[in-house]
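>
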Amino acid sequence: MAQLERLLGASLMQRTTRKLTLTVEGELFLERGRRILGEAAEARAEIAERRGSLSGPLRVAGPIGFGTLHLGRMLSAFLKAHPGIELTVDLDDRFIDVAAVGYDAVIRHGPVEDSRLIAKPLTSSRRLLVAAPSYLEEHGTPSSLAKLSGACAILYSNRAADWRFWSSNGETILRPRACLRVNNGIMMREAALAGLGIALLPTFFIHAELASGTLRVVDVGAEAEGAQLFVAYPSNRSTSAKVTALVASLKQAIGSPPYWD
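Taking full-length UniProt numbering, I'd label the letters of the sequence shown as residues 1 to 261.
Next up, the structure:
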(Lines of atoms letter the chains of each structure in order from A and count residues from 1; the text may use other names and numbers.)
(Lines give C-alpha, C1' and ligand atoms only; values in the text may rest on other atoms or scores of the structure.)
Protein backbone atom coordinates (compact mmCIF):
# COMPACT_ATOMS: atom_id res chain seq x y z
CA MET A 1 0.00 0.00 0.00
CA ALA A 2 2.79 2.43 0.89
CA GLN A 3 4.49 1.77 -2.45
CA LEU A 4 1.21 2.40 -4.31
CA GLU A 5 0.66 5.65 -2.41
CA ARG A 6 4.19 6.80 -3.26
CA LEU A 7 3.57 5.95 -6.92
CA LEU A 8 0.31 7.92 -6.96
CA GLY A 9 1.58 10.75 -4.79
CA ALA A 10 -1.56 10.60 -2.64
CA SER A 11 -2.78 8.98 0.57
CA LEU A 12 -5.36 6.28 -0.09
CA MET A 13 -6.00 5.26 3.52
CA GLN A 14 -6.56 7.31 6.65
CA ARG A 15 -4.94 5.48 9.53
CA THR A 16 -5.81 5.75 13.20
CA THR A 17 -4.92 3.51 16.13
CA ARG A 18 -8.28 1.73 15.82
CA LYS A 19 -9.18 1.53 12.14
CA LEU A 20 -8.36 2.24 8.53
CA THR A 21 -10.70 4.26 6.31
CA LEU A 22 -10.48 5.26 2.68
CA THR A 23 -9.64 8.83 1.81
CA VAL A 24 -11.49 10.62 -0.99
CA GLU A 25 -8.62 9.70 -3.30
CA GLY A 26 -8.78 6.12 -2.03
CA GLU A 27 -12.48 5.83 -2.79
CA LEU A 28 -11.88 7.21 -6.29
CA PHE A 29 -9.03 4.79 -6.91
CA LEU A 30 -11.11 1.84 -5.63
CA GLU A 31 -14.06 2.72 -7.87
CA ARG A 32 -11.83 3.08 -10.93
CA GLY A 33 -10.10 -0.18 -10.09
CA ARG A 34 -13.39 -2.02 -9.85
CA ARG A 35 -14.43 -0.58 -13.19
CA ILE A 36 -11.17 -1.70 -14.82
CA LEU A 37 -11.54 -5.22 -13.42
CA GLY A 38 -15.11 -5.36 -14.70
CA GLU A 39 -14.06 -4.23 -18.17
CA ALA A 40 -11.25 -6.78 -18.17
CA ALA A 41 -13.74 -9.53 -17.31
CA GLU A 42 -16.02 -8.35 -20.11
CA ALA A 43 -13.08 -8.35 -22.53
CA ARG A 44 -12.18 -11.92 -21.58
CA ALA A 45 -15.80 -12.98 -22.03
CA GLU A 46 -16.01 -11.25 -25.42
CA ILE A 47 -12.88 -13.01 -26.64
CA ALA A 48 -14.34 -16.33 -25.48
CA GLU A 49 -17.59 -15.51 -27.26
CA ARG A 50 -15.72 -14.76 -30.49
CA ARG A 51 -14.11 -18.17 -30.21
CA GLY A 52 -17.55 -19.76 -30.07
CA SER A 53 -18.00 -20.36 -26.34
CA LEU A 54 -20.16 -18.30 -23.99
CA SER A 55 -18.88 -17.89 -20.45
CA GLY A 56 -18.78 -15.54 -17.50
CA PRO A 57 -21.41 -13.74 -15.44
CA LEU A 58 -24.83 -12.77 -16.77
CA ARG A 59 -27.17 -10.82 -14.50
CA VAL A 60 -30.85 -10.70 -15.44
CA ALA A 61 -33.96 -9.23 -13.80
CA GLY A 62 -37.55 -10.28 -14.43
CA PRO A 63 -41.11 -10.03 -13.11
CA ILE A 64 -42.05 -12.22 -10.14
CA GLY A 65 -45.16 -13.87 -11.58
CA PHE A 66 -43.84 -14.75 -15.02
CA GLY A 67 -40.49 -15.72 -13.54
CA THR A 68 -42.02 -18.03 -10.95
CA LEU A 69 -44.29 -19.79 -13.43
CA HIS A 70 -42.12 -19.97 -16.54
CA LEU A 71 -38.50 -18.81 -16.27
CA GLY A 72 -37.15 -21.73 -14.24
CA ARG A 73 -37.66 -24.21 -17.05
CA MET A 74 -36.68 -21.77 -19.80
CA LEU A 75 -33.44 -20.67 -18.16
CA SER A 76 -32.50 -24.24 -17.25
CA ALA A 77 -32.54 -25.07 -20.97
CA PHE A 78 -30.43 -21.97 -21.67
CA LEU A 79 -27.82 -22.94 -19.06
CA LYS A 80 -27.64 -26.53 -20.28
CA ALA A 81 -26.83 -25.17 -23.74
CA HIS A 82 -24.25 -22.74 -22.32
CA PRO A 83 -22.74 -24.30 -19.17
CA GLY A 84 -19.97 -21.70 -18.96
CA ILE A 85 -22.41 -18.88 -18.14
CA GLU A 86 -22.79 -17.89 -14.48
CA LEU A 87 -26.41 -16.70 -14.37
CA THR A 88 -27.93 -14.54 -11.64
CA VAL A 89 -31.69 -13.86 -11.77
CA ASP A 90 -33.49 -11.28 -9.63
CA LEU A 91 -37.30 -11.29 -9.66
CA ASP A 92 -39.02 -7.99 -8.86
CA ASP A 93 -42.26 -6.41 -10.07
CA ARG A 94 -41.08 -2.87 -9.36
CA PHE A 95 -39.45 -0.64 -11.98
CA ILE A 96 -35.75 -1.42 -12.24
CA ASP A 97 -33.19 1.03 -13.59
CA VAL A 98 -31.25 -1.54 -15.57
CA ALA A 99 -28.24 0.64 -16.32
CA ALA A 100 -27.88 2.05 -12.82
CA VAL A 101 -28.21 -1.27 -10.98
CA GLY A 102 -25.85 -3.08 -13.32
CA TYR A 103 -28.05 -5.71 -14.97
CA ASP A 104 -27.02 -7.10 -18.33
CA ALA A 105 -30.66 -7.49 -19.34
CA VAL A 106 -34.19 -7.35 -17.98
CA ILE A 107 -37.24 -9.38 -18.96
CA ARG A 108 -40.37 -7.22 -18.96
CA HIS A 109 -44.06 -7.44 -19.73
CA GLY A 110 -45.69 -4.25 -20.97
CA PRO A 111 -44.64 -1.19 -22.95
CA VAL A 112 -41.03 -0.08 -23.44
CA GLU A 113 -41.01 3.16 -21.46
CA ASP A 114 -37.27 3.78 -21.03
CA SER A 115 -35.54 5.39 -24.02
CA ARG A 116 -32.16 4.26 -22.67
CA LEU A 117 -33.05 0.63 -23.35
CA ILE A 118 -32.99 -1.46 -26.51
CA ALA A 119 -35.86 -3.96 -26.49
CA LYS A 120 -35.89 -7.35 -28.21
CA PRO A 121 -39.44 -8.77 -28.42
CA LEU A 122 -40.07 -12.34 -27.31
CA THR A 123 -43.78 -12.59 -28.05
CA SER A 124 -47.02 -10.64 -27.97
CA SER A 125 -49.16 -11.16 -24.88
CA ARG A 126 -52.94 -11.37 -24.74
CA ARG A 127 -54.89 -10.34 -21.66
CA LEU A 128 -58.33 -11.69 -20.84
CA LEU A 129 -61.07 -10.83 -18.37
CA VAL A 130 -61.59 -13.88 -16.17
CA ALA A 131 -63.62 -14.87 -13.14
CA ALA A 132 -64.47 -18.01 -11.20
CA PRO A 133 -67.77 -19.77 -12.00
CA SER A 134 -68.88 -19.14 -8.41
CA TYR A 135 -68.52 -15.36 -8.82
CA LEU A 136 -70.39 -15.35 -12.14
CA GLU A 137 -73.20 -17.50 -10.75
CA GLU A 138 -73.64 -15.16 -7.78
CA HIS A 139 -73.23 -11.79 -9.53
CA GLY A 140 -74.04 -12.58 -13.15
CA THR A 141 -71.80 -12.42 -16.22
CA PRO A 142 -71.26 -8.91 -17.65
CA SER A 143 -72.01 -8.95 -21.38
CA SER A 144 -70.93 -5.39 -22.19
CA LEU A 145 -68.43 -2.78 -21.08
CA ALA A 146 -71.24 -0.79 -19.49
CA LYS A 147 -72.20 -3.74 -17.29
CA LEU A 148 -68.54 -4.48 -16.52
CA SER A 149 -68.09 -1.09 -14.87
CA GLY A 150 -70.18 -2.19 -11.88
CA ALA A 151 -68.37 -5.48 -11.32
CA CYS A 152 -65.92 -6.14 -8.50
CA ALA A 153 -62.45 -5.78 -10.06
CA ILE A 154 -59.13 -7.27 -8.99
CA LEU A 155 -56.54 -4.71 -10.11
CA TYR A 156 -52.78 -4.74 -10.62
CA SER A 157 -51.48 -1.90 -8.46
CA ASN A 158 -48.20 -1.31 -10.32
CA ARG A 159 -50.10 0.11 -13.29
CA ALA A 160 -52.84 2.64 -13.87
CA ALA A 161 -56.28 1.58 -12.65
CA ASP A 162 -57.78 1.98 -16.13
CA TRP A 163 -58.78 -0.98 -18.28
CA ARG A 164 -58.45 -0.33 -22.02
CA PHE A 165 -60.49 -2.17 -24.64
CA TRP A 166 -60.73 -2.11 -28.43
CA SER A 167 -63.78 -2.85 -30.55
CA SER A 168 -65.31 -1.76 -33.86
CA ASN A 169 -66.27 1.46 -32.07
CA GLY A 170 -62.64 2.26 -31.26
CA GLU A 171 -60.93 2.47 -27.89
CA THR A 172 -62.84 2.46 -24.62
CA ILE A 173 -61.18 3.33 -21.32
CA LEU A 174 -62.91 1.92 -18.27
CA ARG A 175 -62.15 2.60 -14.61
CA PRO A 176 -63.64 -0.39 -12.80
CA ARG A 177 -64.72 -0.58 -9.17
CA ALA A 178 -61.77 -2.06 -7.28
CA CYS A 179 -62.36 -4.66 -4.60
CA LEU A 180 -58.67 -5.58 -4.42
CA ARG A 181 -55.44 -3.95 -5.56
CA VAL A 182 -52.28 -6.06 -5.50
CA ASN A 183 -48.84 -5.86 -7.09
CA ASN A 184 -48.56 -9.55 -7.97
CA GLY A 185 -50.27 -11.37 -10.83
CA ILE A 186 -50.26 -14.77 -9.12
CA MET A 187 -52.15 -13.35 -6.15
CA MET A 188 -54.62 -11.73 -8.57
CA ARG A 189 -55.22 -15.12 -10.14
CA GLU A 190 -55.69 -16.77 -6.74
CA ALA A 191 -58.17 -14.08 -5.69
CA ALA A 192 -60.13 -14.63 -8.89
CA LEU A 193 -60.11 -18.39 -8.31
CA ALA A 194 -61.51 -17.78 -4.82
CA GLY A 195 -64.49 -15.98 -6.36
CA LEU A 196 -63.59 -12.47 -5.21
CA GLY A 197 -64.14 -10.71 -8.53
CA ILE A 198 -63.10 -10.23 -12.16
CA ALA A 199 -59.42 -9.91 -13.09
CA LEU A 200 -57.71 -8.81 -16.30
CA LEU A 201 -54.72 -11.11 -16.61
CA PRO A 202 -52.14 -12.18 -19.22
CA THR A 203 -52.84 -15.63 -20.60
CA PHE A 204 -49.47 -16.90 -19.32
CA PHE A 205 -50.96 -16.69 -15.80
CA ILE A 206 -54.25 -18.46 -16.51
CA HIS A 207 -53.86 -20.97 -19.35
CA ALA A 208 -54.16 -24.01 -17.07
CA GLU A 209 -57.17 -22.57 -15.21
CA LEU A 210 -58.98 -21.80 -18.46
CA ALA A 211 -58.33 -25.33 -19.70
CA SER A 212 -59.66 -26.86 -16.46
CA GLY A 213 -62.67 -24.53 -16.23
CA THR A 214 -61.76 -23.15 -12.81
CA LEU A 215 -61.67 -19.72 -14.47
CA ARG A 216 -63.95 -18.55 -17.27
CA VAL A 217 -63.46 -15.82 -19.85
CA VAL A 218 -65.80 -12.85 -19.45
CA ASP A 219 -66.76 -11.75 -22.98
CA VAL A 220 -67.84 -8.10 -23.06
CA GLY A 221 -67.71 -7.73 -26.85
CA ALA A 222 -64.34 -5.94 -26.89
CA GLU A 223 -60.70 -6.98 -26.84
CA ALA A 224 -58.52 -5.97 -23.91
CA GLU A 225 -55.34 -4.04 -24.66
CA GLY A 226 -52.45 -6.44 -25.14
CA ALA A 227 -48.79 -6.11 -24.26
CA GLN A 228 -45.34 -7.30 -25.27
CA LEU A 229 -43.02 -9.67 -23.49
CA PHE A 230 -39.46 -8.58 -24.23
CA VAL A 231 -35.82 -8.58 -23.18
CA ALA A 232 -34.17 -5.17 -22.85
CA TYR A 233 -30.62 -4.02 -22.26
CA PRO A 234 -28.91 -0.60 -21.94
CA SER A 235 -28.45 1.19 -25.26
CA ASN A 236 -25.02 2.49 -24.25
CA ARG A 237 -23.56 -1.03 -24.30
CA SER A 238 -22.69 -3.16 -27.27
CA THR A 239 -24.97 -6.16 -27.71
CA SER A 240 -23.50 -9.01 -25.69
CA ALA A 241 -23.39 -12.41 -27.34
CA LYS A 242 -24.71 -13.83 -24.06
CA VAL A 243 -27.77 -11.57 -24.18
CA THR A 244 -28.29 -12.42 -27.87
CA ALA A 245 -28.15 -16.12 -27.00
CA LEU A 246 -30.56 -15.56 -24.10
CA VAL A 247 -33.11 -13.88 -26.37
CA ALA A 248 -32.85 -16.68 -28.94
CA SER A 249 -33.23 -19.36 -26.26
CA LEU A 250 -36.27 -17.70 -24.66
CA LYS A 251 -37.98 -17.19 -28.04
CA GLN A 252 -37.47 -20.84 -28.90
CA ALA A 253 -38.80 -21.96 -25.51
CA ILE A 254 -41.91 -19.75 -25.77
CA GLY A 255 -42.73 -20.64 -29.37
CA SER A 256 -44.99 -18.85 -31.86
CA PRO A 257 -47.76 -18.62 -30.88
CA PRO A 258 -46.66 -18.92 -27.24
CA TYR A 259 -47.25 -22.34 -25.70
CA TRP A 260 -49.66 -20.91 -23.11
CA ASP A 261 -52.03 -19.76 -25.87
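Quick reminder that beta carbons are idealized off the backbone N, C-alpha and C, glycines included.
Quickly, what does DSSP pair Gly62 with across the bridge? List them, please.
In DSSP, Gly62 forms a bridge with Leu91.
> My guess is that Ala178 and Leu155 are in contact by the Cβ rule of under 8 Å, so how many angstroms apart are they, rounded?
Ala178 to Leu155, Cβ: 5 Å. Contact.
> Go ahead and pull the three-state DSSP assignment for Ser149.
Ser149 carries a coil assignment under DSSP once its states are collapsed to helix, strand and coil.
> Bridge partners for Val217 per DSSP, in chain order?
Val130
> Just the C-alpha distance for residue 289 and Leu145, rounded to the nearest angstrom, thanks.
What is shown of the chain runs 1 to 261, which leaves residue 289 out entirely.
> With a 10 Å radius around its C-beta and 16 neighbouring C-beta atoms as the bar for buried, classify Asp92 as buried or exposed.
Burial check for Asp92: the Cβ neighbour count within 10 Å stays below 16, so the residue is exposed.
> List the whole-angstrom C-beta distance separating Asp104 from Leu58, where the pair is believed to meet the contact cut-off of C-beta under 8 Å.
About 5 Å; that satisfies the 8 Å criterion.
> Judging by CA-CA distance, which residue of Gly84, Asn169, Ile96, Gly140 is the nearest neighbour of Ile64?
Ile96
> Can you tell me whether Ser19 is buried or exposed, with buried defined as 16 or more other CB within 10 angstroms of its CB?
It should be noted that the sequence gives Lys, not Ser, for residue 19. It is exposed - the Cβ of Lys19 has fewer than 16 other Cβ atoms within 10 Å.
> Assuming Leu69 and Phe230 make a contact with CB atoms under 8 Å, what is their CB distance in whole Å?
With a Cβ gap of about 17 Å, Leu69 and Phe230 do not count as contacting.
> On a Cα-Cα basis, can you pick out the residue from Gly9, Val98, Arg216 that is closest to Glu137?
Arg216
> If you pair each beta-carbon of the region 233 to 252 with each one of the region 183 to 198, do three or more pairs fall below 8 Å?
no
> Of the residues Ala77, Gly110, Thr172, Thr244, which one's Cα is nearest the Cα of Gly62?
Gly110
> For Ala227, which residues of its own chain have a beta-carbon under 8 Å away from its beta-carbon, when the five flanking residues on both sides are left out?
His109, Gly110, Pro111, Ser124, Ser125, Arg127, Pro202
> Would you please verify whether the beta carbon of Leu30 is less than 8 Å from any beta carbon of chain D?
Here there is only one protein chain, and chain D is not present.
> With a 10 Å radius around its C-beta and 16 neighbouring C-beta atoms as the bar for buried, classify Ala153 as buried or exposed.
buried
> Does DSSP put Ala125 in a helix, in a strand, or in coil?
Reading the sequence as shown, one finds Ser at residue 125 and not Ala. The answer is strand: DSSP assigns Ser125 an E or B state.
> Quick check: what's the CA-CA separation for Thr23 versus Leu54?
39 Å
> For Gly255, tell me which candidate among Glu171, Leu122, Thr17 has the shortest Cα-Cα distance.
Leu122
> Determine the DSSP secondary structure at Thr21, reduced to helix, strand or coil.
Here Thr21 carries a strand assignment [DSSP, helix/strand/coil].
> For Met1, which three-state DSSP category applies?
In this structure, Met1 counts as coil in the three-state DSSP scheme.
> With DSSP collapsed to three states, give me the class of His82.
coil
> Go ahead and pull the three-state DSSP assignment for Thr68.
When secondary structure is reduced to three states using DSSP, Thr68 falls in the helix class.
> Can you tell me whether DSSP reads Ile206 as helix, strand or coil?
helix
> What's the gap between the Cα of Val89 and the Cα of Arg189?
Cα to Cα, Val89 sits roughly 24 Å from Arg189.
> Using only the alpha-carbon positions, how far apart do Val98 and Tyr259 sit?
28 Å
> Which value, in whole angstroms, describes the spacing of the CA atoms of Asn158 and Leu180?
If I take the Cα positions, the gap works out to 13 Å.
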